[in-house]
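Going by our numbering, the sequence shown runs without a break in its numbering and finishes at 202.
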Amino acid sequence: MSRRHRDPVFAPAALVAAALLLTSGTSDRLHLAGVALGAPVTDVVTLHGAPGLVATTDDGIEWRWFDATGIDVDLLTDDGLIVRQVLVARPEPVRGVAAPLVQPPEFPLLAAQASVAAKHMASVGARHLVEPEDTVSAWRVGADVLVLELVHANVNKLLALDDNAAVRFGYVAGQAQAQFRAPRLVRQFAVDYPKRAL
């Protein structure tokens, strides 16, 4: 996921509350770690509880669940708080100890060899997309795209993209539609450094 700009949001509960006004309208969209592309983020809150991080970026609102049932889940939503990207990965090691390997049930490919993962994707009817770099393997799954991010020829992360995100990342041809308006700082007030802190 692109991370050119990120501002922490210190009141994620407000965004969650706003998202509760939305209803789910997904059908046969790509699912990853129980999260459906095109679903409201409230579906994920119901599934995994409150996120550990909510932040604005240049590309959307990021929602992150650390070690959600054994998997790190990182989402990007649009202005309507609809899920457009899902990134899943194994949690980072703690004090040098790797977390147990927990697989997303839809695509149990984390830590799999790239060749094994490719055979699995072909077996479920996904169409391989030509990719010039050998660090990723991209697959068309219905209207969406699943990207296998590779490290040393093994699957390190899985990234699900809706059709618009796939166009924006260059995996499929087309014209990307604007779905998110990045926040802009329009006014910043000068604040004196508190004397008691000196």
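Ideal Cβ positions, reconstructed from N, Cα and C, are used throughout, including at glycine.
Source: prediction; values computed, not measured.
8 angstroms Cβ shell around residue i - same chain, five flanking residues per side excluded
i: residue 103; result: 71, 74, 94, 95, 96 and 97
i: residue 205; result: The requested residue 205 does not occur in the structure, where the chain is confined to residues 5 to 202.
Sequence-distant residues of its chain with Cβ nearer than 6 angstroms to residue i (five each side left out)
i: residue 57; result: 68
i: residue 51; result: 38
i: residue 180; result: 168, 171 and 172
i: residue 157; result: 118
i: residue 175; result: 133, 142 and 149
i: residue 78; result: 68 and 91
i: residue 139; result: 154
Residues bridged to residue i [DSSP beta-bridge criterion]
i: residue 151; result: 142 and 163
i: residue 133; result: 142
i: residue 35; result: 40
Classification of residue i by the beta-carbon crowding that lies within 10 angstroms, buried from 16 upward
i: residue 137; result: exposed
i: residue 83; result: exposed
i: residue 121; result: buried
i: residue 88; result: buried
i: residue 76; result: buried
i: residue 43; result: buried
Same chain, Cβ closer than 7 angstroms to residue i, five either side skipped, listed in chain order
i: residue 99; result: none
Quick one: complete beta strand (DSSP E) runs, 3+ long, within the region 76 to 128?
-> 87 to 93
Three-pair Cβ contact test at 8 angstroms for the region 108 to 116 versus the region 148 to 167 | yes
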